[in-house]
Each structure stands twice: as structure tokens, then as C-alpha cells.
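Take a look at the structure set out below.
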Amino acid sequence: MIRIAPSILSADFARLGEDIDRCTGADLIHVDVMDGHFVPNITIGPPVVASLKKHTSVPLDVHLMIANPQQYVEAFAAAGADIITLHAESDVHLHRAIHQVKALGRQVGVSLNPATPLCMIEEVLPDLDMVLIMSVNPGFGGQKFIDASLDKIRRLRAMISATGKDISIEVDGGVTMDNIAQIHRAGADTFVAGSAIFSTPDYGHTINALRQQCR
Ligand SMILES: O=C(CO)[C@H](O)[C@H](O)COP(=O)(O)O
């Protein structure tokens with residue numbers, strides 16, 4: 016399975032619906048929620064997710080880069096998030112937060128910043144639908160892929176195989192036409208791409224081309 020998830024962080028926020036419509040062939044729409052505390056940028060909240068849910072049938076992959084995620088999980092689930100991803104660094108009670116998302120009937124992911132080791136999620140890995148490896152320091156689009164992420168993805172794929180469960184590896188940050196095949200070979204199956212898609216004239220064509228690079 017290969018999934019391409021355009022990150023709307025790089026879209027035109029004044030034309031969000033139109034930009035999403037132009038993402039033909041997208042498997043997920045990646046929604047970056049930033050609060051100015053956990054990351055040094057501020058983006059959007061549940062009302063925008065609710066509007067997107069009415070606008071598109073593509074599943075919404077909501078990435079919470081926020082402090083106190085447990086406080087907001089219910090609002091994002093009610094707004095229509097299909098996948099809710101929390102940061103391991105953002106909640107000391109990660110097990111409780113994960114099970115809060117599952118109890119709301121949503122798929123759950125946990126994300127790790129580049130400096131966070133995989134052992135942070137060892138105990139909860141079997142409970143997850145997805146692990147999101149940040150391959151840039153979160154907060155901004157258009158950054159360069161951190162090469163050390165490749166080895167981290169390989170090691171995570173081995174950890175997941177040992178669980179015997181079907182858990183996705185999503186990679187976010189600096190994914191381009193030139194490196195997506197290598198990231199896929201390392202073990203990732205879900206690819207967030209912001210500037211690589213929204214800086215091109217034909218988003219659907221670029222999404223298809225990114226997918227073809229992995230074949
Ligand atoms: O989470 C993010 C930044 O924190 C973005 O999703 C990510 O950076 C995508 O942008 P690009 O593909 O341009 O690197």
C-alpha cells in the first residue's frame with residue numbers, strides 16, 4: 016500500500032476547498048494543527064476541519080502539533096478527523112491519549128520528532144494504526160529531509176514486523192520526487208508532501224508521479 020497525503024500547510028488558505036479539489040488521487044488530506052506552543056507556528060483548529068469534512072470525501076489525516084492534545088481530541092473527532100495523530104513528546108500520559116482516540120472510533124497515530132528515539136513508543140506500538148516519523152523539525156513546510164530518518168524508518172519497520180500487526184509508517188517533511196522511492200524502500204507506506212505538491216501547476220499529476228516513483 017502506498018498512500019500520498021498532500022499537506023494543506025502549503026496550500027492557499029484563502030482557496031482551501033479549491034486546492035483540495037485539485038489534489039486528485041490523494042489518499043488522505045494531511046491537516047497540520049499547530050498551536051504556537053508545541054511548535055513555533057499557529058495554523059488551524061476544529062472549525063476548519065469541520066468545513067473540510069463537508070467539502071471532501073478524502074479521509075482527513077489530522078496531525079496535532081499541540082500541547083495538551085487530550086483536551087482537544089474530542090473536538091477534532093467531532094469535527095470529522097478520520098486519523099488523529101498525537102506527538103509522543105506532547106503528553107506524558109500517552110497511553111491514555113491513544114485510548115481516548117480509539118474510544119472515539121478514530122484511527123490513532125503517534126508522531127516522533129527527529130530527536131525522539133523509537134523506544135518512546137515501544138510499549139504502545141501494538142495499539143497504534145500508524146506511526147508518523149517527522150523527517151524535519153515540525154512547524155514549517157519547505158524544509159530539507161533529515162537523512163538520519165531513513166535508518167529510523169528501517170528500525171521502526173523491524174519493530175512493527177515483530178508485533179505481527181498492520182501498522183502504517185507515515186513520513187512527514189522534505190518528501191520530494193527525488194527521495195520518495197528511497198523512503199519507501201526504507202519501509203514507509205504513507206507520504207506527506209506539502210511543497211512538493213503545492214509548488215507545482217498540476218497537483219493531481221504530481222501526486223500520481225510521487226506514487227509512481229515508489230513502484
Ligand atoms: O508537518 C509539517 C511541518 O511541521 C508539514 O506537514 C511538512 O513539513 C510538509 O511540508 P513539506 O512537504 O513542504 O516539507
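In our numbering, the protein residues as written are 16 to 230.
Positions of the beta carbon are idealized from the N, C-alpha and C atoms, including for glycine.
Item to complete: Return yes when the C-beta of residue 210 is under 7 Å from any heavy atom of ligand 1, and no when it is not.
Response: yes
Discussion item. Considering only the alpha carbon of each residue, which of 102, 209 and 62 lies closest to residue 129?
Written reply: 102
Worksheet entry | Nearest to residue 170 (by Cα), restricted to the options 84, 133 and 76 | 133
Fill in: beta-carbon residue 55 near ligand 1 non-hydrogen atom, thresh 7 Å
no
Worksheet item: Just checking, does the segment 112-128 make contact with the segment 21-39 on the three C-beta pairs under 8 Å criterion?
Response: no
Practice prompt. Return yes when the Cβ of residue 19 is within less than 8 Å of the Cβ of residue 67, no when it is not.
Written response: Cβ distance not < 8 Å, so residue 67 and residue 19 don't count as in contact.
Discussion item. If distances are taken between C-alpha atoms only, which option among 186, 74, 113 and 99 comes closest to residue 206?
Written reply: Nearest Cα to residue 206 within the set 186, 74, 113 and 99: 186.
Discussion item. Taking 8 Å as the limit between beta carbons, can you name the residues of its chain near residue 75, skipping five residues before and five after?
Written reply: The answer, listed in chain order, is 43, 44, 46, 64, 67, 68, 95, 96, 97 and 98.
Item to complete: Examine chain E for any beta-carbon lying closer than 8 Å to the beta-carbon of residue 55, and answer yes or no.
Response: Absence of chain E from the displayed structure is noted, only one protein chain being present.
Practice prompt. With hydrogens ignored, establish whether the beta-carbon of residue 74 is closer than 7 Å to any heavy atom of ligand 1.
Written response: no
Discussion item. Considering just the uninterrupted stretch of the alpha helix (DSSP H) at residue 219, what are its terminal residues?
Written reply: 218-228
Discussion item. Considering only heavy atoms of ligand 1, does any lie closer than 7 Å to the CB of residue 206?
Written reply: Outside the cutoff, so no.
Worksheet item: Can you give the Cα-Cα distance for residue 220 and residue 192, rounded to whole angstroms?
Response: 12 Å
Worksheet entry | For residue 111 and residue 189, the rounded distance between their alpha carbons | Taking the straight line from one Cα to the other gives about 31 Å.
Item to complete: Identify which residue in 118, 154, 32 and 38 has its Cα closest to the Cα of residue 12.
Response: Not covered by the structure: residue 12. The range shown for the chain is 16 to 230.
Worksheet entry | Sequence-distant residues of its chain with Cβ nearer than 7 Å to residue 228 (five each side left out) | Only 192, 195 and 196 meet the Cβ criterion.
Worksheet item: In angstroms, rounded to a whole number, what distance separates the CA positions of residue 62 and residue 16?
Response: So the alpha carbons of these two residues sit roughly 31 Å apart.
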